[in-house]
Amino acid sequence: MTNESFGPNKGMFDAAVFANKQIGQRFYRLGLEFSADAAAAFAKASPGQFAELDLSGIALPPVEGIAEDLRDVSERKILLRRPFSFCDVSSHRGKTKVEILYCALGPATLRMTALSAGKSVSVIGPLGNGFRMPAGKKMVLLVSGGMGAGPLIHLAKTLTADCPDVEAIAFAGAKTKTELPFEKPTDEISQQLGFSLHEFARFGVESVLATDDGSIGYQGLITDCFSKWLGQRSLLARDAIIYSCGPEKMLARMAKIAEDKKIDCQISMERMMACGFGVCQSCAVKCKVNGSGETLYKLCCKDGPVFDTREVIFSA
Ligand SMILES: Cc1cc2nc3c(=O)[nH]c(=O)nc-3n(C[C@H](O)[C@H](O)[C@H](O)COP(=O)(O)OP(=O)(O)OC[C@H]3O[C@@H](n4cnc5c(N)ncnc54)[C@H](O)[C@@H]3O)c2cc1C
Ligand code: FES
Numbered sequence: 001m002t003n004e005s006f007g008p009n010k011g012m013f014d015a016a017v018f019a020n021k022q023i024g025q026r027f028y029r030l031g032l033e034f035s036a037d038a039a040a041a042f043a044k045a046s047p048g049q050f051a052e053l054d055l056s057g058i059a060l061p062p063v064e065g066i067a068e069d070l071r072d073v074s075e076r077k078i079l080l081r082r083p084f085s086f087c088d089v090s091s092h093r094g095k096t097k098v099e100i101l102y103c104a105l106g107p108a109t110l111r112m113t114a115l116s117a118g119k120s121v122s123v124i125g126p127l128g129n130g131f132r133m134p135a136g137k138k139m140v141l142l143v144s145g146g147m148g149a150g151p152l153i154h155l156a157k158t159l160t161a162d163c164p165d166v167e168a169i170a171f172a173g174a175k176t177k178t179e180l181p182f183e184k185p186t187d188e189i190s191q192q193l194g195f196s197l198h199e200f201a202r203f204g205v206e207s208v209l210a211t212d213d214g215s216i217g218y219q220g221l222i223t224d225c226f227s228k229w230l231g232q233r234s235l236l237a238r239d240a241i242i243y244s245c246g247p248e249k250m251l252a253r254m255a256k257i258a259e260d261k262k263i264d265c266q267i268s269m270e271r272m273m274a275c276g277f278g279v280c281q282s283c284a285v286k287c288k289v290n291g292s293g294e295t296l297y298k299l300c301c302k303d304g305p306v307f308d309t310r311e312v313i314f315s316a
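The opening residue of the sequence shown carries number 1 in my numbering; numbering runs sequentially from there.
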């Protein structure tokens with residue numbers, strides 16, 4: 001397959017690993033550096049776009065480094081590339097650095113933890129359509145569940161650069177404190193607002209946290225926390241936009257909140273993906289046909305992964 005077959009501004013490239021740092025029990029941040037044509041392609045990657053990584057040739061980490069509950073699945077053969085979005089993209093002197101926030105939960109991501117600086121990985125990307133920047137909005141609400149934080153960190157950075165007058169707040173939820181995929185300890189900044197997560201605070205974005213068990217922040221689902229927060233504010237719906245990423249059940253709930261409050265909402269969806277660029281048809285998302293009762297299937301990898309909540313028909 002030649003790079004022309006992927007269409008404009010994307011291709012299959014080799015990336016050099018420059019970092020792979022463990023930031024939590026199962027969370028890591030992988031840094032990839034691209035040169036030449038790949039650097040130019042990834043420099044334009046927008047928040048919400050993703051890449052397909054070939055992790056099949058990497059050896060597993062030593063067995064003592066694999067959590068007991070993952071030892072059985074770790075041996076499974078990897079036939080397909082795996083999709084990951086970016087939590088940061090930066091370019092300097094003809095090189096582009098891309099960072100991926102990931103969770104080790106199966107055979108491919110466990111192998112990913114064994115990558116070290118200087119190794120090379122085959123990457124196809126950047127793929128899909130990312131978040132669309134707000135036109136005429138004053139308030140941006142970034143709502144993530146678990147690993148969904150990655151592309152929203154990238155979005156927070158892009159917003160700071162492209163829409164400096166827009167105010168943004170991040171809401172992040174997980175089952176418990178140790179499942180929040182952030183590097184630094186959280187600082188409580190006020191009873192009113194909540195916390196300062198370094199990943200967002202460095203772009204001037206404060207954070208509100210929720211955990212199911214109440215080990216940090218609001219006790220309960222991030223969607224309930226967000227709903228309650230919205231209820232206490234007198235926001236003009238036309239001034240605000242929601243961007244969200246997380247498990248599908250959470251995204252379905254976000255769609256309902258957005259519909260009730262009449263706030264625009266874009267979500268990044270996940271599907272199991274084989275090719276990642278519209279050929280295998282394995283990543284269907286059921287959608288409404290505008291202005292009619294009919295439905296159609298769109299492709300998460302090509303039409304998405306970012307969708308407007310008004311078009312998606314959720315199964316969860
Ligand atoms: C557009 C997109 C962006 C993504 N971005 C990130 C990211 O930034 N960081 C990150 O950690 N992960 C991300 N993922 C998910 C990531 O691709 C999977 O975690 C990875 O493929 C798991 O591979 P594995 O072999 O380690 O585990 P597997 O054995 O393949 O999966 C382990 C478990 O996770 C479930 N699972 C795997 N992939 C998906 C998926 N795509 N959707 C729903 N459930 C899945 C499986 O059903 C299984 O239960 C993204 C997925 C998509 C589609
Ligand atoms: S993953 Fe092949 S068409 Fe979407």
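Ideal placement from N, C-alpha and C gives every residue a C-beta, glycine not left out.
Its chain contains VAL285, CYS287 as the residues whose beta carbon lies nearer than 6 Å to that of LYS298, once the 5 sequence neighbours on both sides are disregarded; these appear in chain order. Closer than 7 Å to some heavy atom of ligand 1: that does not describe the Cβ of ILE257.
LEU53 is bridged by DSSP to ARG82, VAL123. Excluding its 5 nearest sequence neighbours in each direction, SER90 has C-beta neighbours in its own chain below 6 Å: LYS97, listed in chain order. Pairing LYS21 with GLY293, the inter-Cα distance amounts to about 48 Å.
Here CYS225 is buried. Its C-beta has 16 or more other C-beta atoms within 10 Å.
In the three-state reduction of the DSSP assignment, PRO247 falls in the coil class, being assigned neither a helical nor a strand state. Taking each of PRO62, VAL17, LEU152 in turn and checking the Cα distance to PHE203, the smallest one comes out for LEU152. Selection ASP88, GLN281, GLN25 evaluated against THR176 yields GLN25 as nearest (Cα-Cα). In the three-state scheme derived from DSSP, where H, G and I count as helix and E and B as strand, SER196 is classed as strand. Look at ALA172 here: in three-state DSSP terms it is strand. Apart from sequence neighbours up to five positions away, the residues of its chain that approach ARG71 with a beta-carbon distance below 7 Å are VAL63, ordered along the chain. Within the same chain, and ignoring the five residues on either side of GLU248 in sequence, the residues whose Cβ sits closer than 8 Å to its Cβ are MET269, GLU270, PHE314, SER315, ALA316. Placement of the Cβ of CYS280 at a distance of less than 7 Å from at least one heavy atom of ligand 2 is found.
For ASP165, the three-state secondary structure derived from DSSP is coil. Runs of the alpha helix (DSSP H) lying entirely within the region 83 to 152, each at least 4 residues long, are 107 to 112 in chain order. In this structure, the beta-carbon distance from ALA149 to VAL205 does not fall below 8 Å.
Scanning its chain for C-beta atoms nearer than 6 Å, with the 5 sequence neighbours on each side dropped, one finds around ARG76 the residues PRO107, in chain order.
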